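Below you'll find the structure, written out as structure tokens, and then a few comments.
Residue numbers (the numbering used here): 2 to 264.
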């Protein structure tokens with residue numbers, strides 16, 4: 002018999018059932034959800050994804066045991082990322098996202114039913130099974146056509162170039178000018194769950210996620226190369242993910258919009 006699952010989900014820019022997106026929705030925390038409830042929310046988010054427009058940026062942060070996952074809307078599709086894997090996210094349908102999170106294929110179900118939040122917490126999936134699924138997912142993204150990106154200081158494996166937006170890495174002199182113009186601190190906001198990017202002159206970038214009162218809960222140091230994408234400045238990180246420069250005050254990273262913090 003299959004093991005039971007329990008998930009805690011924090012939504013942002015989403016109604017509690019995941020069926021309506023809007024920047025007026027703050028963070029909502031749902032606890033003790035089962036597989037069926039989680040799949041219902043993922044399918045509802047996938048249905049609304051094609052209608053999402055800036056500045057709305059809906060997302061679901063899912064935890065189960067000691068594992069954390071991030072689901073974002075990007076270009077009308079669901080983007081899946083795992084905090085445990087230092088690689089860029091990938092676009093997946095709801096069924097495959099659920100399979101990656103739980104470590105096993107989900108059974109077909111009828112049309113998604115409303116979310117029931119009152120389910121009691123149950124035992125988390127075994128570590129070995131989930132870790133195995135994460136390894137298979139990352140291998141599918143990376144192994145197919147791995148390329149080496151030489152970063153400013155320490156090289157790290159990058160995602161295949163065909164999974165990135167069209168871009169061109171700049172020579173060091175031109176790249177230095179890009180970094181000089183972009184140096185600074187950028188934030189998605191200053192509430193719990195918002196994120197921060199610090200761009201430095203030396204080609205390093207520091208990502209962080211805020212907890213209560215802007216306490217830093219997570220940090221991820223990155224190296225980067227200056228690039229151009231679609232005629233605009235960009236930075237190719239050591240994750241193999243582009244940070245896009247929309248204007249002097251705005252960066253876009255992993256589907257999130259960051260605004261420069263002005264003195």
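Where a beta carbon is used, it is the ideal one built from N, C-alpha and C, also for glycine. Keep in mind the model is a prediction, meaning the values are calculated, not measured.
Under the 8 angstroms Cβ criterion, the region 48-58 counts as touching the region 70-83, having at least three qualifying pairs. DSSP, reduced to helix, strand and coil, places residue 41 within a helical segment of the structure shown.
The region 35-82 contains, as complete alpha helix (DSSP H) runs of 4+ residues, the segments 36-49 (chain order). Each of 203, 232 and 223 was checked against the Cα of residue 209, and the nearest Cα belongs to 223. By the C-beta density criterion, residue 215 is exposed, having fewer than 16 other C-beta atoms within 10 angstroms. In the pairwise beta carbon analysis, the region 222-242 is classified as not touching the region 256-264: fewer than three pairs are separated by under 8 angstroms. In the DSSP assignment, residue 8 falls within the unbroken beta strand (DSSP E) covering 8-13. Counting along the chain, no alpha helix (DSSP H) covers residue 27, and no H or E run does either. Comparing alpha-carbon positions, the option among 91, 43 and 83 lying closest to residue 70 turns out to be 83.
A direct Cα-to-Cα measurement between residue 262 and residue 43 gives close to 33 angstroms. Collapsing the DSSP output to three states places residue 234 in a strand.
If you draw a 10 Å sphere on the C-beta of residue 194, you find 16 or more other C-beta atoms in it, and that means buried.
Look at residue 216 here: in three-state DSSP terms it is coil, with no helix or strand label. Counting along the chain, the unbroken beta strand (DSSP E) around residue 196 starts and ends at 196-200. If you draw a straight line from the Cα of residue 179 to the Cα of residue 9, it is about 40 angstroms long.
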